[in-house]
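So in the working numbering, the last spot in the sequence shown is 232, and the numbers never skip. For each residue, glycine too, the CB sits at the ideal point set by N, CA and C. All of these numbers come straight from a predicted model, not from anything done at the bench. Beneath this line is the structure, given in structure tokens, with notes to follow.
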Amino acid sequence: METSSELASCALLRGDVVLSRASSGVRTHSQSILPMVQELLAEAGVTLADVDAIAYGSGPGSFTGVRTACGIAQGLAYGASLPVVPVVTLDAMALACHQQHGARRIVTVLDARMGEVYWAQYDYQDGLQAVLPPALSAPAGVLPQGDVVGCGNGFGAYADALAPLPCAATADAAIMPHAVQVGQLARIAFAAGHFVKAADAQPLYLRNKIAYTSAERLDMQQAKAAAESAQ
């Protein structure tokens, strides 16, 4: 599942079959994800107990969004005694860029609001490898190495500031974190033994935040409780 941006998405991978759902703007992410999970399980004809692991976009991204995905993943995994696989959202974007454009040297730029972006650089050879790890900076601080293909809504949100980059003119600003790529990367990680217990799942923050607002705290508590009660 992926809720780090304005788009909420959920995917179920079963062999070569990939089922997915996405929603934006209509409901809050905490309200939209669980119905998607239930729809996908029903469509595949399986129950949560048949699943090998639960993956979520761990961030960076919307503070509330990554907390929501983490909370729901914890709730579902705890109730079904399943392992959890955190996946970096920028990794998922880079994989999508490779799949859609055949790119092998990629820079992902995600709007972090407040005049900043999350960004990272990747190489794709026999798999995805981070060249420059996820960072938070002003748009002017996006400094990829060598020739790259750009993707992410940061190229749309800060078009003028990123215009000096050679990759800016052809960057795909429509590529966003999505549960399909989160699931594909998680399957590789899970097979390699890279997973955690539900209680150990954590979001990835690059920006410090002093405290939750009351609304954020309530939203996260409700997300986890709803996931646990859905068992």
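Straight-line gap, residue i to residue j (C-alpha atoms, nearest Å)
i, j, result
"Tyr206", "Leu133", "16 Å"
"Arg105", "Val149", "8 Å"
"Ala212", "Thr65", "Only weak support exists for where Ala212 lies, its pLDDT of 45 falling under 50; the value from the coordinates is given anyway. About 12 Å."
"Val118", "Gln126", "26 Å"
"Gln122", "Gly151", "9 Å"
"Val1", "Ala158", "Any answer about residue 1 is impossible in this case: the structure gives the chain only from 2 up to 232."
"Ala224", "Val181", "21 Å"
Nearest to residue i (by Cα), restricted to the options the options
i, options, result
"Ser63", "Val86, Ile176, Met94 and Thr90", "Thr90"
"Cys11", "Ile34, Ser25 and Gln130", "Ile34"
"Gly58", "Ser6, Gly151, Val108 and Ser24", "Ser6"
"Ser31", "Gly16, Ala70 and Gly76", "Ala70"
"Gly147", "Leu166, Gly153 and Gly184", "Leu166"
Coarse secondary structure for residue i, derived from DSSP in three states
i, result
"Ile211", "A caution first: Ile211 carries a pLDDT of 42, below 50, which makes its placement in the model too unreliable to give a value."
"Arg15", "strand"
"Thr109", "strand"
"Ala193", "coil"
"Ala202", "coil"
"Gln130", "strand"
Opposing strand residues paired with residue i [DSSP bridges]
i, result
"Glu3", "Ser10"
"Ala121", "Thr109"
"Cys152", "Thr109 and Asp173"
"Arg22", "Cys11"
"Leu144", "DSSP output for Leu144 lists no bridge partner at all."
Opening and closing residue of the alpha helix (DSSP H) in which residue i lies
i, result
"Asp92", "Thr90 to His102"
"Ser31", "His30 to Ala45"
"Ala160", "Ala160 to Leu163"
Segment limits, beta strand (DSSP E) that includes residue i
i, result
"Ile55", "Ile55 to Gly60"
"Pro84", "Segment: none, Pro84 is in no beta strand (DSSP E) and carries neither H nor E."
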